[in-house]
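2 protein chains.
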Amino acid sequence: MKKLLSIGFVCLCPIVFAQKKPSPGNLVQYVNPFIGTGAVDKNSLSGSNFPGSTVPFGFVQLSPDTREAPDDPASGYDYNDKTIIGFSHTHLSGTGVADLFDVLMMPTTGAINLAPGSADKPGSGYSSAFSHKEETARPGYYQVMLKDYNINAELTSTSHVGLHRYTFPKSDESHVIIDMDHSLDKKRGYWSCKIVSAQIRVIDDHTVEGYRVLSGWAKLRKIYFHAEFSKPFTSSVLASGSRRYPDLSIINGTNLKAALNFSTKDKEQVLVKVGLSPVSTENARMNIKAELPGWDFDNTSTQSSLQWEHELAKIKIEGTLEQKQIFYTGMYHAFTQPNNLADVNGDYQATDLTIANAPDKTHYSTFSLWDTYRAAHPLYTLIQPEKTAGFINSMMRQYDTYGYLPIWQLWGDENYCMIGNHAIPVIVDAALKDIKGFNQEKAYEAVKGSSITDHPGSPFTTWEKYQYIPEDIESQSVSVTLEMAYDDWCVAQLAKKLDKTEDYDRFMKRSEYYRNLYNTKTGFFQAKKKDGNWQEPFDALAYGGNGGSPYTEGNAWQYFWYVPQNVSGLIDLVGGNTAFNQKLDLFFSTKDKPGEVNGNASGFIGQYAHGNEPSHHVAYLYDYAGQPWKTQMYVAKVLNELYNNSSSGYSGNEDCGQMSSWYIFSAMGFYPVNPANGVYAIGSPILKNAQINLGDGTVFTVDVKNAGKQNAYIQSVKLNGKSYTKTYITQNDITGGGKLEFVMGSKPNKNWGVKPTDAPLAWGY
Amino acid sequence: MKKLLSIGFVCLCPIVFAQKKPSPGNLVQYVNPFIGTGAVDKNSLSGSNFPGSTVPFGFVQLSPDTREAPDDPASGYDYNDKTIIGFSHTHLSGTGVADLFDVLMMPTTGAINLAPGSADKPGSGYSSAFSHKEETARPGYYQVMLKDYNINAELTSTSHVGLHRYTFPKSDESHVIIDMDHSLDKKRGYWSCKIVSAQIRVIDDHTVEGYRVLSGWAKLRKIYFHAEFSKPFTSSVLASGSRRYPDLSIINGTNLKAALNFSTKDKEQVLVKVGLSPVSTENARMNIKAELPGWDFDNTSTQSSLQWEHELAKIKIEGTLEQKQIFYTGMYHAFTQPNNLADVNGDYQATDLTIANAPDKTHYSTFSLWDTYRAAHPLYTLIQPEKTAGFINSMMRQYDTYGYLPIWQLWGDENYCMIGNHAIPVIVDAALKDIKGFNQEKAYEAVKGSSITDHPGSPFTTWEKYQYIPEDIESQSVSVTLEMAYDDWCVAQLAKKLDKTEDYDRFMKRSEYYRNLYNTKTGFFQAKKKDGNWQEPFDALAYGGNGGSPYTEGNAWQYFWYVPQNVSGLIDLVGGNTAFNQKLDLFFSTKDKPGEVNGNASGFIGQYAHGNEPSHHVAYLYDYAGQPWKTQMYVAKVLNELYNNSSSGYSGNEDCGQMSSWYIFSAMGFYPVNPANGVYAIGSPILKNAQINLGDGTVFTVDVKNAGKQNAYIQSVKLNGKSYTKTYITQNDITGGGKLEFVMGSKPNKNWGVKPTDAPLAWGY
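For the record, the sequence lines run as chains A and B. Reminder that position 226 of the first sequence reads as 226 in UniProt numbering, one-by-one numbering, no gaps. Reminder that position 12 of the second sequence reads as 12 in UniProt numbering, one-by-one numbering, no gaps.
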């Protein structure tokens, strides 16, 4: 991590970024799917994004894997690797933990090789060397030349179908390998990954079906596929483990592979379309029939691209080419998930592992909520309101079957990753913003139920008994205490809206429990034992890991700032604005201790670690204590120095859109410090202009005079033509349409915005 | 094993066998569910049966478990144990491998104890000591006094619902424990048993629901339950691992338990009914609504008993009390499975782990085919023809989703236990007997497909290439070769019936491949390597284990006789009748070598091991070589000495009805040596009379003069009033109705039946 910091982002990998004649006004041209696909070096964090083809919120993410047993980066693709193992159909974007990688396909020539090959051994197994010089990616399209075989592979996709186009050389020994064993690392028992059952069935000379059922980071996933080839294969080989069965029609087992064999002319194209379903091969066929009945690769890719264009057009910006690339790739990453896991008829696997049906044909999952509730979901409420309702209805289905809302939901399944119950701010925020399409009373039931029903990581009985989480009862107690208090504040707000006064009082009281872990002697939130004594010794720089004690992936410095529901209360705790600002100054300047930094912290400015989420709102806190120019300085520094348009464009895992959403908001000049109070703290806009299309022709415009790297500081602001001195805007300011105008300069205007923000009251609670 | 043999069955455990006023003609009175529940001693094989409540072919088997992590006996109940852990709802009857044990309940009093307790530590955990003196079992009813708590527990069941009646003492601390973690041994990684996901949900003060999804011997099972209590509980505790949550409404995890708490008066009865489903809690509720809407325990038990009475009445016998007890308990065990795993609406989990629906509302599983194809399925064709069609349609669904018929199907899932593809003789036998209710052409497609599609344990490409299975390619090669040849003969017979001459020729040719492993030098079937050389050294007494080399759970002696499709061919191989009979004599008299016997072989007479299936037809082979009196002698010896009405009443695992079916047939005087040619070799009837009701008023009667232990030998036989000297009868002889009369005596009549049986030709092929 320190290495990453000291290198900064000087050593940028070259990006091949080919586009087919971008039309004027075309926004997908700015999306560079390679951003976030690699780390600066082996010891750094990758954005953990994948470069392959997907549609917005789609089921399929068809993308190359450069590792035979993906682990880190979790996306399966590392820009620094030299070998492509194959193309699998499902991927996570930006997570810290790997899973999925279903139904890998790889075209080869020569003798059939069914071993997957290794990233460390180019040319081994069925893998192939590749070069970024012969690799292209854009929304809805990925291409790579597989050097070992002289095969050009192109990928595109619809929501449920992956479409491959392989251009073979002349060969009597051309193959398409299907590897149903490709998964996260089983040998090391990674997340106890185990293939429970799998099948490959050769239906006829151009059709293959199959499935695999496996446990991994998601406790139990089923993936059924139906694959059709544009050209009949002349023969096939099925394999279970090391045993090969030529021309066998069906095979069951746990380690299954297939080779479909062709004789190809030079430059002959073989297309494969692969429908996926979590329910049955029948549904996989149905998904193909509904979405991709034909064989038009180019049109499929164009349609996928058009879907992206439609989504990207929701915000139009002016700025430098690099800013546009970072911004629109950010939107691309933010809209890559949550994923619709329902088949086209609405069938899906529920959290209780039954098969259910969604009347609206959508069931969204991949909810990395500890990350995304901060900025990604607030962004969705602005420009994806219908999807937001879909997300909430999907999360509420977990409440119905599981008794509480998602913490981290993967493939419809709760994995309890991270802490808190941050579906609550997401739902409350949407309810307070009056997003249509979900039942607010039912939502409140889910929100409250999830706040009083003890569940893993959420010991509410303990919470109400001690009014803090004792570290000797539950680890990560400081982080859990702080985040629980925030979630409770959210519950209270919805209770208030729905006139549940008793609940409002109960949860507002709980929302102040963070105070019980504040040690006035040290000035930090610290772990307390159940006997009421502090846990000793205390070191404000010491890191807890994921699940570590007592801070989650951070230290006392990073968690000190986590009272977004009552920043003024936090300011009071430390003794007022001056002391608070001094503490912020120290935070941004105290060097971290070498060798003790948690692996998830990166992108440092002092103790500020932009590479992980606990820091994300902190630069904005100067706004609340009367020194907004420091917010502007640090926000501009992060925007300009900790994001770039290279493969290592993020300073940590991209985290399912959160890291991108931070950029999207901040680049426009504001950020939701409290993600559920409809307030956006003003930072330092770096774009020349941004227009947020809110639907129905309503546009909110941000216009920035003197935008530029050297002009981090706000000189003056107008809102709808009138001088504006508050350091925040509200949801209503945005959704009503209007114009926010900034004048920027190279030196702070210490007269602007010096009245401290009183955020909790701003939404009118 | 030797110990078992030398002890014989002298040390018989006393059986408490209470009955509620049996009415005259009542047959259930003869069923003793304790038969087969215990071994003579710790080193012996148990029948592995369970004493609890089930209905014929039912989904639920509600029965006490005496082990906290059942393994051996696989039924979960050992008659020699002193402790009851609790009552779980699903059990296997007679298998050598454990699984199921779903949704354990246990009533207790005193402080809540959620640890399961141990069979080795009476009084530990929530378990209780019990005594056989205060324990009762009959079809549809089980009762035991739980000494530690002074609770009388009674159990009954419908197909999908278990009904418990607990009579509590006066106590303010009465509980019903639910243990969702109870399963086969996870600590030892037994069959990689792992609970993937589980839930307990307290719906209201008298309703609890939940599920568990787990891997074990069945790769993936889902069990959803809905439980209703007749009396509201005053409070509840849910627990995950060691953490307890009082009055929590829902809990998810992998190691879940619950305590439902009551205040009870003296002798107060609390009833619990528990509906199960493999699909959803909704279906579990539906199953209760359909089968057990009320609370009438006694009537439920009576109805269950009446279902058994209806099934048992299909054969009426006269004999000694012990014979009746063994015989009807045998029928009871034979009809305990296959189990209908479909919900009342027909929903079930298919072999490809999708959720499917059976139009006829039945999907049968628990197919221990390597055992049951020998005599249990032939028995079903006679007295369970409708069920037989249901079994075949269910097995054919595996062909549809999995590509081949079941080998050993558990809970709808293939587990590849044992060898061969013995769904084939089952289906072919039923087709040749013209059992109605399944499509014979489709059945042939499945039978042939399963005989040419390479799959685990069935390397048909190797089979056709080498015309035997080389041991250096596939282990258990001798057993596999012999059993494959038999299955091939069956395929050929159905091909012939359906006029598929080419297939007939192909499979008849394959059915003679057993010859390729016959070593004329040793006179045994021996393992051959792929280079054509015999595997050396050879020892006819050496045992292979389950999966062992080269004999499956047996030795060269036991597998020598496995050519049921062509006994005369086998006789020719050894040089004619005299040599064959001498070899049989040697088989029945050669002492086994101490300490080297496979754990599955028991019930010895020389090398004959009645405790495992490979020997089951061998005593009948003297019939084929002109010495039927020796068949009579050994069959009578097995009937009289290796079966009894005690807890250790079987000489090995009962094996899902096979051990019982051997008795049922043999006690009536005949046995299907080739289970698919409609021929029954005549042995030594021990019953005075038997009437097989074949439906439509057709009755086949066996009448035996001078039946008795000392009169093992047939003096003369009449069929339908005419003198009969063949040593076999045919299916048509039985199904046409009629009367078979035996006159028995204490000395062999060496003039009767001396013309060797030419079995393969008898069915008219």
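All C-beta atoms, glycine included, are put in the ideal place defined by N, C-alpha and C. Please read these numbers as outputs of a predicted model, since none were measured by experiment.
Leaving out the 5 sequence neighbours to the left and right, which residues in its chain are closer than 7 Å to T156 of chain A when beta-carbon positions are compared?
S53, G140, Y141, L163, F297, T300, S301 and S304
Beta carbon of T95 of chain A nearer than 9 Å to that of A74 of chain A
yes
Check whether the Cβ of D343 of chain B lies closer than 9 Å to any Cβ atom in chain A.
no
Report yes or no: do the region 721 to 739 of chain B and the region 640 to 650 of chain B share at least 3 C-beta pairs separated by less than 8 Å?
no
Please compile the residues from chain B whose C-beta is within a distance smaller than 7 Å of the C-beta of I250 of chain A.
G403 and T453
Using a Cβ-Cβ distance cut-off of 9 Å, determine whether P22 of chain B contacts chain A.
Bear in mind that the predicted position of P22 of chain B carries a pLDDT of just 45, short of 50, making it unreliable; the figure below should be weighed with that in mind. Judged by the 9 Å Cβ criterion, P22 of chain B is not in contact with chain A.
Using a Cβ-Cβ cutoff of 9 Å, what residues of the region 198 to 231 of chain A are near chain B? List them in chain order.
Q199, R201, Y211, V213, S215, K219, L220, K222 and Y224
Q440 of chain B - containing beta strand (DSSP E), residue span
Segment Q440 to I452 is the alpha helix (DSSP H) holding Q440 of chain B; no beta strand (DSSP E) there.
Could you tell me whether the region 412 to 419 of chain B touches the region 430 to 437 of chain B, using the rule of 3 or more Cβ pairs below 8 Å?
no
My output table needs one value for Y149 of chain A: the three-state DSSP class, helix, strand or coil.
coil
Would you say P359 of chain A faces chain D, with C-beta separation under 9 Å as the test?
Here the protein chains are A and B, and chain D is not one of them.
Hey, is K316 of chain A's beta-carbon within less than 9 Å of any beta-carbon in chain B?
no
Starting from F587 of chain B, trace the alpha helix (DSSP H) both ways and give me its first and last residue.
N577 to F587
Quick one: what's got a C-beta closer than 6 Å to V480 of chain A's C-beta in the same chain, skipping five residues either side?
I419 and I469
For P459 of chain A, which of helix, strand or coil comes out of DSSP?
coil
Does DSSP classify V28 of chain B as helix, strand or coil?
helix
Can the beta-carbon of A446 of chain B be found closer than 9 Å to that of Y404 of chain B?
yes
Cβ neighbour criterion (16 or more within 10 Å) applied to L321 of chain B:
exposed
According to DSSP, residues forming a beta bridge with D413 of chain A:
A:L410
Using three-state DSSP, classify M180 of chain A as helix, strand or coil.
coil
Where are the beta strand (DSSP E) runs, 3 residues long or more, that stay fully inside the region 304 to 357 of chain A, in chain order?
315 to 318, 347 to 349 and 355 to 357
Coil, strand or helix - D623 of chain A by DSSP:
helix
Residue range of the alpha helix (DSSP H) that N393 of chain A falls in?
P385 to Y402
Taking the beta strand (DSSP E) that V213 of chain A falls in, what are its first and last residues?
T207 to S215
Within 10 Å of its beta-carbon, does D65 of chain B have 16 or more other beta-carbons around it, so buried, or fewer, so exposed?
buried
If the cut is a Cβ gap below 9 Å, which residues of chain B does I355 of chain A touch?
V279, S280, T354 and I355
Who are the Cβ neighbours of S240 of chain B in its own chain at under 7 Å, not counting the five residues just before and after it?
I251, G253, N255 and L256
Would a C-beta distance cut-off of 9 Å place N516 of chain A and Q476 of chain A closer than the cut-off?
no
Roughly how many angstroms separate the alpha carbons of A667 of chain A and E386 of chain A, rounded to a whole number?
24 Å
With a CB to CB cut of under 6 Å and the five nearest residues on each side skipped, what residues in its chain are close to H610 of chain A?
G603, V638, L642 and S651
Pop quiz: D205 of chain B and F168 of chain B are said to be a contact at Cβ under 8 Å. What is the actual Cβ separation, rounded to whole angstroms?
Going by Cβ atoms, the distance from D205 of chain B to F168 of chain B rounds to 17 Å, so no, they are not a contact pair.
Own chain residues within Cβ distance below 8 Å of G695 of chain B, not counting five before or after
P385
Would you say the beta carbon of A376 of chain B is closer than 8 Å to some non-hydrogen atom of the ligand MN?
Among the ligands in the structure shown, none appear at all, so the ligand MN cannot be discussed.
Going by Cα to Cα distance, which pick from B:T453, B:N152, B:L570 and B:N519 is closest to S511 of chain B?
B:L570
Return yes when the Cβ of D343 of chain B is within less than 9 Å of the Cβ of M286 of chain B, no when it is not.
yes
With 9 Å as the threshold, decide whether the Cβ of P246 of chain A is near any Cβ in chain B.
yes
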